[in-house]
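Residue numbers for the sequence shown follow the working numbering, beginning at 226 and rising by one.
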Amino acid sequence: MTPEYEVTYLGSRPCADGIGTFRFSRPSEYSFTPGQFFSLSLETEDGLVSKFFSHADAPGDPAIELTTRLSGSAFKNKLLALSVGDVVRISGPKGRLGVPEGSTAVGFLAGGVGITPAHSIIRNVMQTGSPLKVALFYGNRDEACVPYGEEFRGYAASNPRFLYVDTLDHPGPDWAGESGFISAEMIRRHLSDPGALHWIVAGPPPMVEAMKRVVSDLELSPERVSYELFAGYDTNG
Ligand SMILES: Cc1cc2nc3c(=O)[nH]c(=O)nc-3n(C[C@H](O)[C@H](O)[C@H](O)COP(=O)(O)OP(=O)(O)OC[C@H]3O[C@@H](n4cnc5c(N)ncnc54)[C@H](O)[C@@H]3O)c2cc1C
226 MTPEYEVTYL
236 GSRPCADGIG
246 TFRFSRPSEY
256 SFTPGQFFSL
266 SLETEDGLVS
276 KFFSHADAPG
286 DPAIELTTRL
296 SGSAFKNKLL
306 ALSVGDVVRI
316 SGPKGRLGVP
326 EGSTAVGFLA
336 GGVGITPAHS
346 IIRNVMQTGS
356 PLKVALFYGN
366 RDEACVPYGE
376 EFRGYAASNP
386 RFLYVDTLDH
396 PGPDWAGESG
406 FISAEMIRRH
416 LSDPGALHWI
426 VAGPPPMVEA
436 MKRVVSDLEL
446 SPERVSYELF
456 AGYDTNG
């Protein structure tokens, strides 16, 4: 059985577009590999509810972190109402998503809150000085909220092994990055051989469905792609 832990709520960081990042103490005996997830249980107005969240933090970080869409559900309302110092329960780690052993290059196709496992893996690569080559294709609505966008820009400026391609659906007039949805054509413009990477796709069902079409257009072999579906989001994401 997956172990359970009591953790302390440490605070949150809001983003626009109804997205927020929430931090909890990490028990000293808790360990995970980047890409794994945990379940968080909260006493809500609908009773005790547990939901899964991918670790957005890396193992080298001092706290557990999740990033989520504040949908207005009873669970998310309770998350927003937590006070620093409140004690809640998590259970984990769970899941097998991660960089397959022996990979030398990994690519991510991510959008919005689906960035969490990519953030954990990329942050770990940067913290440990891993020689892994990483490409991140990251789509968001507009500049108002690009979770972890500043951090990724910093990595791209200092690490030649990290390719960062951010694209917006509704770019402002000063936007210098890509615009529109992630596509095979966009990926081919930035990478000469996409088939040489192992790809990781994570997020709410609509994002994953859209990225499956991109994977098909790129003609990647199925064993070159890992998926993590954020089941629980409705079909509108
Ligand atoms: C392996 C795994 C990893 C995951 N990782 C993450 C992660 O990193 N981040 C993350 O955010 N989620 C993640 N999820 C999904 C997460 O567990 C929740 O299912 C998701 O966040 C939706 O929960 P909710 O309480 O917002 O919606 P629910 O209450 O479960 O409702 C489903 C949908 O209805 C809508 N909805 C519900 N109540 C209302 C309301 N009152 N008003 C308007 N709309 C409403 C919401 O938009 C939501 O999309 C993961 C799931 C899995 C399986």
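For every residue, glycine included, the Cβ atom is placed at its ideal position computed from N, Cα and C.
{"Asked": "Using three-state DSSP, classify D391 as helix, strand or coil.", "Found": "strand"}
{"Asked": "Just how far apart, CA to CA, sit P372 and P398?", "Found": "20 Å"}
{"Asked": "Exposed or buried, which one is Y273 when buried takes at least 16 other CB atoms within 10 Å?", "Found": "A small fix is needed here, since residue 273 is Leu in this sequence, not Tyr. Burial call: exposed."}
{"Asked": "Residues in the same chain with beta-carbon distance under 7 Å from E231, minus the five sequence neighbours each way, listed in chain order, please.", "Found": "V312 and R314"}
{"Asked": "Residues in the same chain with beta-carbon distance under 6 Å from S275, minus the five sequence neighbours each way, listed in chain order, please.", "Found": "S264 and S266"}
{"Asked": "On the criterion of 16 or more Cβ atoms from any shown chain inside 10 Å, does P342 qualify as buried, or is it exposed?", "Found": "buried"}
{"Asked": "So, using beta-carbon positions, are G374 and D394 closer together than 8 Å?", "Found": "no"}
{"Asked": "With H, G and I counted as helix, E and B as strand and the rest as coil, what does DSSP make of R366?", "Found": "coil"}
{"Asked": "When a residue counts only if its C-beta is closer than 5 Å to some heavy atom of ligand 3, which residues count, in chain order?", "Found": "Summarising the ligand content, the structure contains ligand 1 and does not contain ligand 3."}
{"Asked": "Would you kindly work out how many angstroms separate the C-alpha atoms of L211 and G428, rounded to a whole number?", "Found": "What is shown of the chain runs 226 to 462, which leaves residue 211 out entirely."}
{"Asked": "Would you tell me roughly how many angstroms separate the C-alpha atoms of Y389 and P419, rounded to the nearest one?", "Found": "14 Å"}
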